[in-house]
Amino acid sequence: MSARRLLTLLRREVRATLRDPFTVAVLILVPLVALLSFSFVLSTEVEDLSLGVLDASGSYESRRIVAELEADGSFVPRPYATRAELEAALVSGEISAAIVFPPDFQRALLARAPGQPPPEVQLLYDGAETVLAGNAEGFLQGLINAAGAELVGPEAARGGVVVEMRALFNETLDGTPFMVAGTFGFVLSFLTTLITAVAIVNEKIGGTFDQLQLTPATNLEIFLGKLLPLGGMFAFDVVLMMFASGFVLGVWPRGNALFFVAVSSFYVMTSLALGLFFSATSATAAEAVQKTVFASIPLVQLSGFAFPIRNMPMAIQWLTEVLPATHYIRISRAIYLRGAGPLDLLPELGALTVFAVLLVGGSLRSLARRP
Amino acid sequence: MSEPILRAEGLTRRFGDFTAVDRLDLAIEPGTLFAFLGGNGSGKSTTIRMLIGLLTPTEGRIELDGIDVLREPRRVRDRIGYMGQKVSLYQGLTLRENVEFYAGLYGLEGGRLAERWGEVRERMALAEAENERVEDLPAGIRQRSGLALATLHGPRLLFLDEPTAGVDVDSRGLFWERIQEEAERGVTVFVTTHFLEETDYCDRVAFIDAGRLVVDTTPEELRARYSEGYRIAATPPPERAAATLAALERAGFAVVERGPALALRRATLDHAALAALAEAAAMGAELHVEPASMNGIFTRLILENASAREAA
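This is the structure we're talking about:
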């Protein structure tokens, strides 16, 4: 081996690497972003979690317990007047846990005769979010027990308050449906973008894109000509994955399967448009793939696919909202685990529509761009 | 003289501080085989991309078949055919499938396509390649296939950007015959090439250097202005040597060398020169006519232009 030759090879490689701003950015930013975002998103602390409160007791004691929960900083209470409203909020994902005080809570707590069971509050939580539910369940139970015990004083602390836990969906807190529904989001986000990312750039390199742009075909036609066949194939993939997870893993959507396929197909088109945007704005296939991989890092960490968004700091939670995958994964889990329908998911469907308009518009503009 | 089918006025394209094309004016009449030449980075490809609407000029206007290309780029698409440096065929498809694809975009289907493709296929000698996948086709056939696709919809103006790059000499010759046929059929051909000798196939030659048009004329005029013209070797029968020499001198041939074999030069071969050569041949002279090398002409053009720029 010649040290001189090796040095020559090394020098060229370092020069070429350092002169490519995108590669330099990836080399510096990816480790930093990955490190920082993992440290934030992997936190298991329960913080600012929306907690529905149905207080049929309306007593000082029930309000005191809610105030204790709020003061801790882990929960943000939201009052609801009826059980139906409370459950609807849980289905739509507006809240992830709820506490229900019975009408006779005060009497049962303060005037409990010896030998009688301690008063009961019901704690409902969204079992669809298994990780979050696991974290919140024990935490919430501990807080209520402590607050209840304080209210009745040390002499009556034998029982304090009994907390009846009930998961509304995914009662067994089985992690498989959670992951299955999330995997749709991951696959449909990553694979669609990756496949389309090279579509136009390859045509540019092969010379067919120039030729295509000189034919009477409009940009919209070229765009749809690329997107619709791939969209059809991925829609087929959705059905295939649905049957595979149903027959092999025993996980079927609780909600309407057709609605799920329709929403997934719509999301696929949004995601394909992002891939086309990357492709149309890249000079080489390698650049397009790098952009896709770069965009996929937050997909794993911030979309809620692997880590619960509600556990993340508020600033990061806001950041997750600008990822289309976040909204699709919420929809997917809501349909799969909570049986949600279109009306329950209006805000998420609206967000996806906004992303679709922006990405399709951006993609079309990038196709039409004359340098 | 008919109205130009392609007219560019003050065409300029800047990339930041760099001016790739600088106030270029062109006017090309219908049916002209127009060669557009220049070295690497001279602004040749930038110009062609502006003319066909793939690149927006910084300044200037382009009119193609009476249509303002910048205002109505879509309207000219039916009128132009384009073949880039890379032949635009979709890999994985047969030639026939490529034809059907492009024809479909121009609305050519059914009987009209069969008729049109039958005619083009015959002219380009592509019958045997029709059902081959394009990646399996030899370079020469791929070039002809590219030309076939560019002309399938019957464009009035054909843009060919280095169409013979990477093709062997024989195939290049055949390819130029096809291009000339298109021009004879009334199609205006705008062609760029790196093979300077290929400009002899053309009616007009323009040369761009550092973004500026240096010359725009006929190959004949180019030879007259930038070379010592044609070199002619004439070997007359000894008994007709004097008469042959006199006839050639009368027609303006300069005698470089006398003897049994005459070495002559002439800037152009006009009607009088051709008549004198015919007369010499009739007197039994053996003739060999060699045009000035286009390579030499363009080398001189580049050097002169560089000196002029430096002086300016």
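Protein chains in written order, with this note's numbering: chain A, 473 to 843; chain B, -8 to 303. All C-beta atoms in this analysis are idealised placements derived from N, C-alpha and C, irrespective of residue type, glycine included.
Cα-Cα separation between residue i and residue j, rounded to whole angstroms
| i | j | result |
| --- | --- | --- |
| T205 (chain B) | L165 (chain B) | Before going on, a small fix: residue 205 (chain B) reads as Val here, not Thr. Computed Cα separation, rounded: 30 angstroms. |
| M786 (chain A) | G776 (chain A) | 14 angstroms |
| G202 (chain B) | G1 (chain B) | 12 angstroms |
| T480 (chain A) | R487 (chain A) | 11 angstroms |
| E248 (chain B) | R222 (chain B) | 11 angstroms |
| L839 (chain A) | A778 (chain A) | 34 angstroms |
| G32 (chain B) | I199 (chain B) | 10 angstroms |
| A118 (chain B) | S218 (chain B) | 44 angstroms |
| A560 (chain A) | L815 (chain A) | 10 angstroms |
| L831 (chain A) | R68 (chain B) | 28 angstroms |
| L138 (chain B) | T687 (chain A) | 15 angstroms |
| I567 (chain A) | L521 (chain A) | 8 angstroms |
| T756 (chain A) | V794 (chain A) | 27 angstroms |
| T664 (chain A) | L730 (chain A) | 21 angstroms |
| L128 (chain B) | Q82 (chain B) | 11 angstroms |
| R87 (chain B) | A215 (chain B) | 46 angstroms |
| Y597 (chain A) | V723 (chain A) | 21 angstroms |
| A225 (chain B) | H262 (chain B) | 18 angstroms |
| A760 (chain A) | R491 (chain A) | 18 angstroms |
| P227 (chain B) | A269 (chain B) | 12 angstroms |
| L260 (chain B) | A11 (chain B) | 36 angstroms |
| P780 (chain A) | L774 (chain A) | 8 angstroms |
| D682 (chain A) | K676 (chain A) | 7 angstroms |
Reduced DSSP secondary structure (H/G/I, E/B, other) of residue i
| i | result |
| --- | --- |
| Q683 (chain A) | helix |
| L17 (chain B) | strand |
| T3 (chain B) | strand |
| S522 (chain A) | strand |
| V673 (chain A) | helix |
| R638 (chain A) | strand |
| G678 (chain A) | helix |
| G833 (chain A) | helix |
| F779 (chain A) | coil |
| A283 (chain B) | coil |
| A319 (chain B) | Absent from the model: residue 319 (chain B). The displayed extent of chain B is -8 to 303, so no value can be given. |
| Y81 (chain B) | coil |
| R256 (chain B) | strand |
| Q588 (chain A) | coil |
| L744 (chain A) | helix |
| V710 (chain A) | helix |
| T10 (chain B) | strand |
| R(-2) (chain B) | strand |
| R810 (chain A) | helix |
| V593 (chain A) | strand |
| V496 (chain A) | helix |
Close-in-space but distant-in-sequence residues of the same chain around residue i (CB under 8 angstroms, 5 per side omitted)
| i | result |
| --- | --- |
| L541 (chain A) | L523, F547, P549, I571, L612, L615, I616, A619 |
| A174 (chain B) | G22, T23, L24, V180, D194 |
| D544 (chain A) | L615 |
| E636 (chain A) | E592, V593, Q594, L595 |
The alpha helix (DSSP H) enclosing residue i, as first and last residue numbers
| i | result |
| --- | --- |
| T665 (chain A) | 647 to 669 |
| R535 (chain A) | 532 to 543 |
| E91 (chain B) | 86 to 96 |
| V67 (chain B) | Run containing V67 (chain B): none; DSSP gives neither H nor E here. |
| V111 (chain B) | 101 to 114 |
| L558 (chain A) | 555 to 564 |
Delimiting residues of the beta strand (DSSP E) encompassing residue i
| i | result |
| --- | --- |
| Q762 (chain A) | Per DSSP, Q762 (chain A) belongs to no beta strand (DSSP E); it is in the alpha helix (DSSP H), 757 to 774. |
| G72 (chain B) | 71 to 74 |
| L550 (chain A) | According to the sequence as given, residue 550 (chain A) is Arg; it is not Leu. Residues 547 to 551. |
| D200 (chain B) | 195 to 200 |
| F186 (chain B) | Neither: F186 (chain B) is in no beta strand (DSSP E) and is coded neither H nor E. |
| E119 (chain B) | No beta strand (DSSP E) holds E119 (chain B); DSSP gives it neither H nor E. |
| L55 (chain B) | 50 to 55 |
| V572 (chain A) | 569 to 573 |
| L268 (chain B) | That residue, L268 (chain B), is in no beta strand (DSSP E); its alpha helix (DSSP H) goes 262 to 273. |
| A787 (chain A) | A787 (chain A) -> not in any beta strand (DSSP E); alpha helix (DSSP H) instead, spanning 786 to 792. |
Cut-off 6 angstroms between Cβ atoms - residues of its own chain near residue i, not counting five sequence neighbours on either side
| i | result |
| --- | --- |
| S534 (chain A) | D527, F573, F577 |
| R124 (chain B) | T85 |
| L151 (chain B) | M74, V182 |
| V60 (chain B) | G44, I53, V67 |
| A752 (chain A) | I672, S838, L839 |
| G834 (chain A) | F749 |
Cut-off 7 angstroms between Cβ atoms - residues of its own chain near residue i, not counting five sequence neighbours on either side
| i | result |
| --- | --- |
| T50 (chain B) | First, the amino acid is wrong: residue 50 (chain B) is Glu here, not Thr. Cβ neighbours of E50 (chain B) beyond the five flanking positions: G1, T3. |
| R147 (chain B) | I(-4), D56, R70, V178, T179 |
Next on the checklist: At 3 residues or longer, what runs of the beta strand (DSSP E) sit wholly inside the stretch 128 to 181 of chain B?
Outcome noted: 148 to 152
Checklist entry - In chain order, which continuous runs of the alpha helix (DSSP H) of length 4 or greater are located wholly inside the stretch 209 to 252 of chain B? => result 210 to 217, 232 to 241
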